[in-house]
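Contents: one structure, followed by commentary.
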Amino acid sequence: MPAPATPLPGALAGLTPLLDHYGYLAVALLVLLDNCGIPVPGQTILVLASVYAGTGHLSFAAVLVIAFGAASLGNSLGYLIGSTGGRAFVHRWGRYVLLTPARMERADGFFARQGGKVVTVARFVDGLRQANGIIAGTTEMPWRRFHPFNLIGAALWTGVWGTFGYVAGENIGTVYRTAIGYQLWFAIALGVLAAAFLVRQVVRYRRRRREDADAGRPGSANTGTGTGTGTGTGTGTGTDTDTDTEAGPDEGSG
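In structure tokens, the structure reads:
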């Protein structure tokens with residue numbers, strides 16, 4: 137399969153031999169691994185395959201279907217890894233990476249509230265794309281809730297990057313560099329938001345500890361009611377009769 141005539145930029149050029157030799161199989165394998173925790177260039181191979189499709193070397197519909205299936209299956213495998221071994225791993229090794237039981241409990245609560253949003257958009261962020269399925273499984277996000285968001289996220293991710301590569305076509309060099317720049321700014325913005333969230337959590341945690349400490353001090357936030365009733369009855373009867381009678385008959389007769 138010949139490559140497009142236009143020189144390809146950066147990582148796209150490095151993956152050209154792989155796509156030339158293995159075609160759709162390369163797309164399926166790299167996208168699958170990229171979505172189940174292994175950091176391989178799955179997103180890059182999707183863009184490259186779409187460029188090939190835009191220049192008539194591959195079927196665009198086939199690229200999208202294969203990438204969608206591989207992405208959703210990969211994330212499902214990540215979920216399976218997390219749900220079967222993730223919790224045990226955290227209990228045994230989590231303390232070495234500062235993942236304490238209390239933090240794990242907060243992560244469970246966060247995924248219970250926001251897990252669907254995370255699973256949907258995580259694919260657009262390197263690092264989260266590889267880990268979100270494992271995290272969802274480790275935090276015991278219900279499968280019936282995870283699966284629909286997994287499919288939605290896979291469809292959005294495949295559609296956006298597939299369309300990007302297909303439309304860019306021969307202009308892929310300029311467009312790719314622009315997109316990478318925007319992706320970098322997006323990642324920075326997301327990192328700032330994540331840092332702000334962590335700072336907020338730390339502040340709230342310290343405030344709670346301070347309030348708990350204040351509540352435990354004597355005399356603070358304590359209501360004491362003391363009722364003392366003393367009844368003393370003292371009856372003292374003293375009779376002091378001091379009769380000093382000196383009867384001295386001094387009768388003298390003489």
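Each residue of the sequence shown is one higher than the last, beginning at 137 in the numbering used here. Note that CB positions come from ideal geometry on N, CA and C, so glycine has one too.
Residue i: buried (16+ other C-beta within 10 angstroms of its C-beta) or exposed?
i	result
L151	buried
T220	exposed
I174	exposed
L182	buried
G218	buried
L166	buried
R340	exposed
V303	exposed
V254	buried
Within this structure, are the beta carbons of residue i and residue j separated by less than 8 Å?
i	j	result
T180	L154	no
G251	A272	yes
V163	I202	yes
W96	A207	Shown here, the chain extends from 137 to 390; a query on residue 96 therefore has no answer.
S186	G269	no
G159	L216	no
A258	R265	yes
G214	N171	yes
Might you give, ordered along the chain, the residues of its own chain that have their beta carbon closer than 7 Å to the beta carbon of residue i, omitting 5 neighbours on each side?
i	result
L169	V176, G178 and G210
V199	V163, A185, S186, A189 and G298
A291	F204
Quick check on residue i: does DSSP put it in helix, strand or coil?
i	result
T274	helix
V261	coil
S195	coil
N171	coil
G327	helix
P177	coil
G159	coil
Leaving aside the five residues before and after residue i along the sequence, list all residues of the same chain whose C-beta is less than 6 Å from its C-beta, in chain order.
i	result
T256	F285, I288 and G289
E347	none
Cβ of residue i less than 8 Å from any chain D Cβ?
i	result
G273	No chain D appears in the structure shown, which is made up of a single protein chain.
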